[in-house]
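Trainee: Numbering (our numbering), first residue to last: 445 to 729.
Beta carbons: idealized from backbone N, C-alpha and C, even for Gly.
On a predicted model such as this, the values are computed, not experimentally measured, just so you know.
Take a look at this one; I'll ask things after.
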């Protein structure tokens, strides 16, 4: 087991289970240094966790978005305005497709979209997203490079370009086409139905936000308690080592004490013999 394997498993897990799984992985580590590095892995934000899940659950959607970035950079280099306009529209469509089924709050969804926008225009941000170990959202100013230094759990090769995805199989293409046809054939909703659907969505979003806040609060409490337990375990280990050293020193002190007592007894006997000899000598004088 190495750190990267552990990190890939951790960041593939649900955010609510992250702290518990991190603690379990640290306890199973082969050595203390690895355990320390595992405990140092940070929990991702809600938007980063959503993107990590998207990278694993729907890599095609992420690949499509990031591939637009390559084509856009080529179009900008060639100053082809028509292609730039076309790819910009395609980029927006792909972003909507990628984030459509994530069921996120409005704020988190904005962070996800901003991160994908940054990944489209910046290769380093794209590599960070593709890693599947994102820790926070990313934002591009359009001028400076995106800072990803603390945005990924472990270092990634930010210079590597995304690999070109092989064409979809005929079966995959047929499934996608059939899905599109079914969507086109679906009956259009009325204005009142649309308002009711939007009302239900807003209600569900508020409920989800409250549940997420409660879960995050409990998760933070668990995280703090795990950290406290880790500190106490470290203190216990220190005290155990100190007790072991003290026990050894106590055994040595007792041995020295016994030796000194034997030497004192011998010295006192020699003293008594010397006093007796002195008295006998004086009596003979």
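1) Can you tell me which of the three DSSP states residue 527 falls into?
2) According to DSSP, simplified to helix, strand and coil, what is residue 578?
3) Let's test the definition: count the other Cβ atoms within 10 Å of the Cβ of residue 466 and tell me whether it reaches 16, buried, or not, exposed.
4) Taking Cβ positions, are residue 500 and residue 576 nearer each other than 9 angstroms?
5) Could you give the DSSP three-state label for residue 534: helix, strand or coil?
6) Can you grab the Cα-Cα spacing for the pair residue 452 / residue 582, in whole Å?
7) Enumerate in chain order the residues of its own chain whose CB-to-CB distance from residue 479 is below 6 angstroms, with the five nearest sequence positions on each side excluded.
8) What are the partner residues of residue 596, as DSSP defines its beta bridges?
9) Apply the 10 Å Cβ neighbour rule to residue 571 and answer buried if 16 or more other Cβ atoms are within range, or exposed otherwise.
10) For the segment 480-488 against the segment 545-554, do three or more pairs of beta-carbon atoms, one drawn from each stretch, fall closer than 8 angstroms, so that the two count as touching?
11) With H, G and I counted as helix, E and B as strand and the rest as coil, what does DSSP make of residue 691?
12) Any idea what DSSP makes of residue 666, helix, strand or coil?
13) Tell me the DSSP secondary structure of residue 780 in three-state form.
14) Assign residue 566 to buried or exposed, taking buried as 16 or more other Cβ atoms, counted over all protein chains shown, within 10 Å of its Cβ.
15) Check residue 485 in the structure and name its three-state DSSP category.
Mentor: Looking at the coordinates:
1) Working through the chain shown from its first residue, we reach residue 527 at position 83. Note: residue 527 maps to helix in three-state DSSP.
2) Numbered from 1 along the chain shown, position 134 holds the residue referred to as residue 578. Looking at residue 578 - three-state DSSP - the assignment turns out to be strand.
3) As a first step, residue 466 must be located in the chain shown, where it is residue number 22. The residue in question, residue 466, is buried, as its Cβ has 16 or more Cβ neighbours within 10 Å.
4) On the chain shown, residue 500 is found 56 positions in, with the first residue counted as 1. On the chain shown, residue 576 is found 132 positions in, with the first residue counted as 1. In this structure, residue 576 lies closer than 9 angstroms to residue 500 by Cβ.
5) Residue mapping note: residue 534 aligns to position 90 of the chain shown, counting from 1. Three-state result, residue 534: helix.
6) Numbered from 1 along the chain shown, position 8 holds the residue referred to as residue 452. Numbered from 1 along the chain shown, position 138 holds the residue referred to as residue 582. Whole-angstrom Cα-Cα distance: 20 angstroms.
7) Locating residue 479 in the chain shown gives position 35, counting from the first residue. So the list reads 470 and 473, once near-sequence residues are dropped.
8) Position 152 of the chain shown, counting from 1, holds the residue named residue 596. 578.
9) Residue 571 sits at position 127 when you count from the first residue of the chain shown. By the neighbour-count rule (16 or more Cβ atoms within 10 Å), residue 571 is buried.
10) no
11) Working through the chain shown from its first residue, we reach residue 691 at position 247. Reduced to three states, the DSSP call for residue 691 is helix.
12) Sequence index remark: in the chain shown, residue 666 carries index 222 (1-based). Three-state result, residue 666: helix.
13) The question about residue 780 has no answer, for the chain in this structure spans 445 to 729.
14) Numbered from its first residue, the chain shown carries residue 566 at position 122. Residue 566 comes out buried.
15) Taking the chain shown and counting its residues from 1, one reaches residue 485 at position 41. DSSP places residue 485 in coil when its eight states are reduced to three.
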